[in-house]
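The next block holds one structure in the form of structure tokens; read it before the comments.
Protein chains: 2
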Amino acid sequence: MTSLMQKIKEVLPQLSEAERRIGEYVYGNPEAIPHMTTKELSKKSGVSEATIIRFCKSIGIGSFKSFKLALMKDLTLTDTNLTDFSVLNQKDSPYDLFHKVIHVNKSAIESCADSMDRKELAKAVEAIQHAGKIVFFGVGGSSTAAVDAQYKFTKLGYHSITSLDFHYMLSVIPHLTENDVFVAISTSGKTKDVLELTRFAQKKGAKVIAITNINKSPLYKEAEIRLCTPNVEQDFRIGSISSRMTQLTVIDTLYMSIFHHVGEKVLQQYYDTRSEMESLRR
Amino acid sequence: MTSLMQKIKEVLPQLSEAERRIGEYVYGNPEAIPHMTTKELSKKSGVSEATIIRFCKSIGIGSFKSFKLALMKDLTLTDTNLTDFSVLNQKDSPYDLFHKVIHVNKSAIESCADSMDRKELAKAVEAIQHAGKIVFFGVGGSSTAAVDAQYKFTKLGYHSITSLDFHYMLSVIPHLTENDVFVAISTSGKTKDVLELTRFAQKKGAKVIAITNINKSPLYKEAEIRLCTPNVEQDFRIGSISSRMTQLTVIDTLYMSIFHHVGEKVLQQYYDTRSEMESLRR
DNA sequence: GGTATAGTGAAATTTAAATTCATAATTTAG
DNA sequence: CTAAATTATGAATTTAAATTTCACTATACC
Numbered sequence: 001m002t003s004l005m006q007k008i009k010e011v012l013p014q015l016s017e018a019e020r021r022i023g024e025y026v027y028g029n030p031e032a033i034p035h036m037t038t039k040e041l042s043k044k045s046g047v048s049e050a051t052i053i054r055f056c057k058s059i060g061i062g063s064f065k066s067f068k069l070a071l072m073k074d075l076t077l078t079d080t081n082l083t084d085f086s087v088l089n090q091k092d093s094p095y096d097l098f099h100k101v102i103h104v105n106k107s108a109i110e111s112c113a114d115s116m117d118r119k120e121l122a123k124a125v126e127a128i129q130h131a132g133k134i135v136f137f138g139v140g141g142s143s144t145a146a147v148d149a150q151y152k153f154t155k156l157g158y159h160s161i162t163s164l165d166f167h168y169m170l171s172v173i174p175h176l177t178e179n180d181v182f183v184a185i186s187t188s189g190k191t192k193d194v195l196e197l198t199r200f201a202q203k204k205g206a207k208v209i210a211i212t213n214i215n216k217s218p219l220y221k222e223a224e225i226r227l228c229t230p231n232v233e234q235d236f237r238i239g240s241i242s243s244r245m246t247q248l249t250v251i252d253t254l255y256m257s258i259f260h261h262v263g264e265k266v267l268q269q270y271y272d273t274r275s276e277m278e279s280l281r282r
Numbered sequence: 001m002t003s004l005m006q007k008i009k010e011v012l013p014q015l016s017e018a019e020r021r022i023g024e025y026v027y028g029n030p031e032a033i034p035h036m037t038t039k040e041l042s043k044k045s046g047v048s049e050a051t052i053i054r055f056c057k058s059i060g061i062g063s064f065k066s067f068k069l070a071l072m073k074d075l076t077l078t079d080t081n082l083t084d085f086s087v088l089n090q091k092d093s094p095y096d097l098f099h100k101v102i103h104v105n106k107s108a109i110e111s112c113a114d115s116m117d118r119k120e121l122a123k124a125v126e127a128i129q130h131a132g133k134i135v136f137f138g139v140g141g142s143s144t145a146a147v148d149a150q151y152k153f154t155k156l157g158y159h160s161i162t163s164l165d166f167h168y169m170l171s172v173i174p175h176l177t178e179n180d181v182f183v184a185i186s187t188s189g190k191t192k193d194v195l196e197l198t199r200f201a202q203k204k205g206a207k208v209i210a211i212t213n214i215n216k217s218p219l220y221k222e223a224e225i226r227l228c229t230p231n232v233e234q235d236f237r238i239g240s241i242s243s244r245m246t247q248l249t250v251i252d253t254l255y256m257s258i259f260h261h262v263g264e265k266v267l268q269q270y271y272d273t274r275s276e277m278e279s280l281r282r
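Protein chains in written order, with the UniProt record's numbering: chain A, 1 to 282; chain B, 1 to 282.
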């Protein structure tokens with residue numbers, strides 16, 4: 001079966017100037033099209049709305065609406081990841097950016113699969129299962145993941161700690177033992193505060209799990225257990241948002257794994273929490 | 001991930017008379033829908049066009065057009081029989097769970113496209129652009145999004161506030177004016193604390209943006225601007241993780257949109273931050 | 001038994017798609 | 001070379017679709 005995208009590429013050279021412009025735009029941003037109107041696409045590709053209708057007919061589809069549906073189907077089928085959404089351009093509306101964010105976040109999460117090492121993951125889960133305390137630490141953008149993790153593991157009944165305050169952390173770490181886990185979160189693996197606390201925790205004998213990009217950073221080298229996130233930096237504005245998504249995906253995995261394991265034991269408490277939460281609603 | 005068709009079947013009993021009629025028709029003739037208009041479907045199913053729009057919202061999709069696209073995608077997918085990752089089973093290893101988490105998070109983010117209303121998004125961006133202060137509030141799992149947003153908007157130079165402490169928030173809100181924005185984050189839209197602060201902020205004249213699931217919750221009804229997240233609840237363990245992903249995707253969109261807009265103005269400060277950060281590494 | 005509240009469709013409004021038409025550019029015939 | 005014919009294009013208009021508003025009804029709740 002010839003895909004619609006392929007078809008567009010094929011007929012591209014035979015099209016007129018304006019229609020080709022549309023074809024090129026569609027080929028470059030297929031995922032965005034189904035949610036667009038003729039007006040938008042006309043602005044984006046720099047041709048008139050009328051030409052868009054003509055373009056649809058040229059590639060053998062009777063209406064713009066049908067074209068959008070056909071494209072949606074095609075994309076679902078072939079799941080092309082050729083699109084480069086990373087490039088932001090001046091005319092992008094909030095709604096365009098929304099679709100780019102969706103795309104970027106999706107691919108960031110997808111590429112988590114590439115950087116994760118199953119043995120390291122198993123080690124991490126093993127360590128947490130037997131942990132007394134769990135301490136999470138991340139600064140800047142990585143603090144989101146730390147806060148999220150702290151909350152999740154508290155819900156599972158762990159003594160789970162995090163803080164943005166370096167000095168507070170300094171006072172927590174001396175009490176760690178080899179039964180405890182210190183989770184260091186840093187995309188770059190070079191953040192000074194994180195490194196210092198990591199070494200401190202290690203000195204106290206705690207198991208150190210690093211959630212960090214897969215590269216030879218100090219944190220990567222020094223951590224006992226490494227849960228790697230992929231290097232997804234593209235646009236510097238986007239970089240930070242996608243690295244947070246990958247960190248959270250790792251956290252989610254740890255949470256799910258532990259939940260799955262402790263399972264029945266915490267289920268009652270879990271329901272208690274939820275019913276109490278319900279009563280906070282009305 | 002639960003397919004849209006399955007979802008329709010599930011919610012069928014909870015729908016009202018007229019909406020159920022639509023649901024049944026859709027369930028019986030799914031292939032026909034994507035090419036239909038509201039008028040046609042209204043004739044076929046014997047209800048008004050208005051009810052069709054309401055039906056879409058009831059099943060968690062923001063517009064009839066999005067519904068058609070989502071259905072098209074769904075039909076294409078079920079044809080090709082995707083493995084069902086939604087069911088967790090006993091023997092799952094951490095690595096299995098990791099892949100399920102990836103899958104669930106990806107589909108949650110994907111379905112954001114269905115529930116977002118572009119006009120509401122535009123209104124939200126507009127409001128934030130002209131905002132003096134921005135206050136974010138979310139409790140429980142939604143606090144992650146609030147914290148993340150607060151950090152991001154601070155980086156953009158905004159006076160951006162959040163706190164987990166209800167009483168602290170109580171003291172912040174009286175100082176809000178009609179130039180300020182209050183962002184209420186709650187998946188269910190029923191959380192008492194969030195609702196109370198929302199009403200309080202509204203009384204002070206602040207613009208209220210709700211990031212909440214698309215359903216007829218109090219928060220949904222009361223908010224001036226609604227940024228809807230899709231109803232992705234499946235497994236109760238997974239529910240919370242994916243709703244956080246959708247909230248963050250909305251936050252990211254707001255952040256990117258504002259960044260895109262203020263752009264050059266804050267770029268210098270942005271670089272300052274980054275180079276200062278670098279010096280915190282080594 | 002009256003007052004909210006949810007559900008509904010008719011009608012109005014808004015928005016998107018498609019068509020028409022005038023104009024500019026290009027080609028072709030003489 | 002020119003003039004007629006053809007083609008390509010976008011502005012403006014028309015048509016159609018989606019969405020909202022509003023008023024009416026039925027039902028639940030005091």
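Even for Gly, the Cβ is constructed at its ideal location relative to N, Cα and C.
Please look up how many angstroms separate the CB atoms of residue i and residue j, rounded, as I've assumed it's under 8 Å.
i         : j         : result
THR38(B)  : GLU49(B)  : 4 Å
LYS7(B)   : MET72(A)  : The pair is not a contact, with the Cβ atoms about 18 Å apart (cut-off 8 Å).
THR253(A) : PHE98(B)  : 4 Å
ILE258(B) : LEU156(B) : 6 Å
SER115(B) : GLY60(B)  : 6 Å
ASN213(B) : THR191(B) : With a Cβ gap of about 12 Å, ASN213(B) and THR191(B) do not count as contacting.
SER186(B) : GLY138(B) : 6 Å
ILE173(A) : PHE200(A) : 5 Å
LEU219(B) : VAL194(B) : 7 Å
ILE52(A)  : SER42(A)  : 6 Å
Just to confirm, are residue i and residue j a CB contact at a threshold of 8 Å?
i         : j         : result
THR198(B) : PHE182(B) : yes
PHE55(A)  : GLU10(A)  : no
PRO34(A)  : LEU121(B) : no
GLU224(B) : LYS207(B) : yes
ILE109(A) : ILE102(B) : yes
SER58(B)  : LEU15(B)  : yes
ALA32(A)  : ASP117(A) : no
GLY140(A) : ARG244(A) : no
GLY189(A) : ASN231(A) : no
Can you tell me which of the options puts its alpha carbon nearest to the alpha carbon of residue i?
i         : options                                       : result
ASP148(B) : PHE136(B), ILE33(B) and LEU77(B)              : PHE136(B)
GLN150(A) : GLU17(A), SER42(A), ILE53(A) and ILE251(A)    : ILE251(A)
HIS175(B) : SER188(B), GLY132(B) and VAL194(B)            : GLY132(B)
ILE128(B) : HIS103(B), HIS159(B) and ILE109(B)            : HIS159(B)
THR144(B) : ILE53(B), LEU248(B) and ILE22(B)              : LEU248(B)
ILE209(B) : LYS123(B), ASP92(B), GLU40(B) and MET169(B)   : LYS123(B)
SER130(B) : CYS112(B), LYS68(B), SER58(B) and ASN179(B)   : The sequence given here has His at residue 130(B), not Ser. Looking at the Cα atoms, ASN179(B) is the closest of the given residues.
PRO30(A)  : LEU69(A), SER58(A) and LEU15(A)               : LEU69(A)
VAL262(A) : VAL125(A), ARG244(A) and SER111(A)            : VAL125(A)
LYS44(A)  : LEU4(A), ASP92(A) and GLU222(A)               : ASP92(A)
GLU222(A) : SER42(A), SER107(A) and LYS203(A)             : LYS203(A)
MET256(B) : LYS100(A), TYR255(A) and PHE64(A)             : LYS100(A)
CYS112(A) : ALA184(B), CYS112(B), LYS106(B) and ALA113(B) : LYS106(B)
LEU77(A)  : LEU4(A), SER188(A), PHE67(A) and GLY205(A)    : LEU4(A)
ILE134(A) : THR177(A), SER66(A) and PHE166(A)             : THR177(A)
ILE211(A) : ASP165(A), ALA146(A) and SER171(A)            : ALA146(A)
To be precise: take each residue of the stretch 112 to 125 of chain B, compare its Cβ to all Cβ atoms of chain A, and keep it if any distance is under 7 Å. Which residues remain?
CYS112, ALA113, MET116, ARG118, LEU121, ALA122 and VAL125
Which ranges would you report for the beta strand (DSSP E) in the stretch 86 to 140 of chain B if only whole runs of at least 3 residues count?
133 to 138
Members of the stretch 134 to 152 of chain B near chain A, C-beta cut-off 9 Å:
VAL139, GLY140, GLY141, SER143, THR144, ALA145, VAL147, ASP148, TYR151 and LYS152
Report the residue ranges of all alpha helix (DSSP H) runs contained in full by the UniProt domain "HTH rpiR-type" (2 to 78) of chain A; include only those spanning at least 4 residues, in chain order.
4 to 11, 17 to 28, 38 to 45, 49 to 58 and 64 to 78
Quick one, which residues of the stretch 94 to 106 of chain B are near chain A if we go by CB-CB under 8 Å, in chain order?
PRO94, TYR95, LEU97, PHE98, HIS99, LYS100, VAL101, ILE102, ASN105 and LYS106
Using a beta-carbon distance cut-off of less than 7 Å, what residues from the stretch 160 to 189 of chain B approach chain A?
SER188
Inside the UniProt domain "SIS" (124 to 264) of chain A only - alpha helix (DSSP H) runs reaching at least 4 residues
143 to 155, 166 to 172, 192 to 203, 218 to 222 and 236 to 262
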